Every structure is written in structure tokens, then in C-alpha cells.
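Residue numbering for the sequence shown follows this note's numbering, starting at 23 and increasing by one per position.
Every residue, glycine too, gets a C-beta built ideally from N, C-alpha and C.
Since this is a predicted model, take the numbers as computed values, not measurements.
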Amino acid sequence: MKKIQFRFEITLIIFIVLVSPVYGAFENINYGARSLGMGSAFVSVADDANSIFNNPAGIIRTNQSELGMSYMELYGLVSYSSLSYIQKVKDNGFGIGIISSDDKDGVYQEAEAILAYSRQIAKNLNFGANIRYLSSHAYFDEIRVGNGKGIAIDLGSQFLLPDKGLSFGIGLHSPVGIVFYSRKALLGYGEKKYSQMTDFYYNIGASWDLAKKFSNLEKLLLTGELSDGYPCFGAEWTYANMISIRSGIRFGNSLNRALTMGLGFKLSLIKIDYAYISSSVEADTSQISVSVNW
């Protein structure tokens with residue numbers, strides 16, 4: 023009963039914000055089960071296809087082409103799907119990504135198309151940027167009542183000390199971005215067109231691979247991050263470069279605060295990752311990711 027009531031309240035909130043010009047759409051959702059399993063403390067760790075979403079500076083760290091896919095149901099209310107591809111060409115890293123989301127009741131849908139670029143700009147220092155095309159549609163009783171179109175930019179950097187196993191990262195999500203909305207007349211609200219700047223988020227973090235310091239250890243990665251003012255911490259232990267066990271914790275408001283855990287399996291060119299988030303809103307979240315390297 024509580025979950026049904028919670029779902030109804032969220033649907034009502036979605037409708038209320040849709041008819042308000044202060045709606046903060048295109049939220050900064052963490053993509054990739056590896057990242058979520060480590061408490062979302064990933065800005066300094068990003069080195070795979072999900073770097074497009076988490077920190078584009080990490081694209082240049084790969085020496086292979088990689089195709090990644092992820093699926094998540096956030097609190098059992100909103101589903102998110104992502105598809106990403108990265109490739110290194112000489113000293114440049116390129117990426118392309120697609121994100122789609124919709125709620126269970128079909129009230130609101132979002133989609134993003136992303137182009138990303140990364141390059142090493144100095145010794146041990148990588149820089150990355152992406153540009154995102156944003157699209158949204160709102161429905162009421164299967165009738166489209168509004169839509170939004172816009173553009174946003176993300177920036178990121180990583181400073182690596184590989185001999186010491188240290189990595190530092192900074193991510194700026196939507197420092198520049200705008201969405202233009204068009205809303206039809208509905209329930210006493212008149213037709214309206216307006217624009218809104220996208221919400222800005224930042225991530226600052228560091229990670230340490232203890233195996234670089236203690237040679238008798240299997241790979242043990244510790245990571246911490248300040249995500250838009252809220253701290254989060256994570257750990258990843260990898261055995262024989264095949265099996266990974268992850269855990270993490272996120273602090274913040276009731277929607278952000280959570281304990282996380284995850285598993286990863288690598289079989290030849292294929293990686294499968296799973297993450298579980300136990301939150302304080304009585305509705306947990308799972309994400310699964312699959313990637314192929316060649």
C-alpha cells in the first residue's frame with residue numbers, strides 16, 4: 023500500500039511540475055552499474071564507455087573500442103536505458119551515446135543524444151567534453167500536452183599518477199545548457215512557451231588502487247567523491263581480472279542517500295555488471311550493464 027501511495031504521489035508531482043516553468047528536467051542520473059555499485063563515486067575512476075555520461079575525460083584512457091548498454095528502474099517508477107560507444111583514434115578519444123527514460127504511467131519521457139571528445143592535454147592530465155541534444159515529451163491521458171528541445175554541454179578532467187595508483191577527477195554537468203518548452207492548454211492552465219537553463223551539477227573526487235602500493239593485494243580500489251555538495255564513497259575488489267565485488271555509500275537528501283553494492287564478471291571481451299541500491303524511500307533500484315571490448 024505504501025508503495026502504491028508513493029507511486030501516486032510521484033505521478034502527481036510529475037504532473038504539477040510539468041505545468042510549472044520551474045521544472046528541473048534532465049537530472050544528473052548516474053549511468054553504469056559499475057559506478058552505481060561503488061556509491062556513484064566514479065568521476066576519478068571513469069575509463070569505459072559510460073565515461074560519456076559520467077566524465078568524458080575518461081574516454082581517452084581506453085586502448086580499445088567499447089560498446090556499452092545499461093538498463094535501470096529508478097525506485098520502481100522511472101526506467102532508464104543507455105547505449106554508448108567509444109573509440110580511441112591516435113591521441114584522440116571519441117564517443118557517442120543515447121539515453122532514454124520514461125515513467126511507468128507514460129506521463130513523461132526524455133531522450134538525449136550525446137557526442138563526446140577526450141584528449142590528453144598534458145602529462146598525466148586528460149580533458150573531455152560532450153554536447154547533448156535534449157528532447158522531452160509530456161502526456162496526459164495519452165495526449166501529448168507539452169514538449170521540450172534543448173542543448174547542454176558537459177566538461178571533465180582527470181589527473182593520473184599511475185605509478186602510485188592515484189587518480190583525481192572533476193566533472194561539470196551542464197555548466198552551459200538551455201531547454202525550450204512548449205505547453206498546451208490543460209486543466210485551466212493556458213498554452214505557454216518558455217525556456218529554462220539546465221540544472222548545473224559538479225563532481226570532484228579521487229581514487230586509489232592499493233595494489234600499486236601493496237603488491238601482495240589483488241586489485242583493491244578505494245574511491246571518494248563530493249557530488250554537488252554530498253559525499254559518496256565506494257570500493258571495488260577484483261580477483262584474477264575476472265570477478266569484481268563492489269560496495270558504496272551515498273549521503274545527502276532522502277532521494278540521494280543510499281547503500282549500494284554490485285558485482286562484475288569479465289569473460290573474454292564481454293563484461294557484465296550489476297548494481298543494487300537500497301534507498302530510504304522504500305523503493306530500491308537495480309541496474310544491469312553489458313559491454314563488449316575489441
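With three or more C-beta pairs closer than 8 angstroms as the rule, is the region 255–264 touching the region 53–67? yes
| said: So, at 6 angstroms on beta carbons, what are the nonlocal neighbours of K215 in its own chain, with the 5 sequence-adjacent residues on each side left out? | reply: S204
Check your understanding: Terminal residues of the continuous beta strand (DSSP E) containing R154?
Key -> L147 to F162
Residues in the same chain with beta-carbon distance under 7 angstroms from K206, minus the five sequence neighbours each way, listed in chain order, please. V167, G168 and E213
| task | Compute the distance between the beta-carbons of I51 and Y102, then report whether it is under 9 angstroms. | result | yes
- Could you check what DSSP says for S251 in three-state terms: helix, strand or coil? The residue asked about is misnamed: residue 251 is Gly in this sequence, not Ser. Looking at G251 - three-state DSSP - the assignment turns out to be coil, as it is neither helix nor strand.
Reduced DSSP secondary structure (H/G/I, E/B, other) of A297: strand
| Hey, how far is the Cα of V198 from the Cα of L239? | One C-alpha to the other measures close to 43 angstroms.
- Message: Counting C-beta neighbours from all protein chains within 10 Å, is the total for Y155 16 or more, i.e. buried, or is it exposed?
- Response: exposed
message = Let me make sure I understand the geometry here. Which of T245, S87, H195 and V100 has the alpha-carbon closest to that of G227?
response = T245
Please report how far the alpha carbon of L291 lies from the alpha carbon of D163, in whole angstroms.
-> 45 angstroms
Of all the options Y130, L105 and R279, which has the alpha carbon lying nearest to the alpha carbon of H159? Y130
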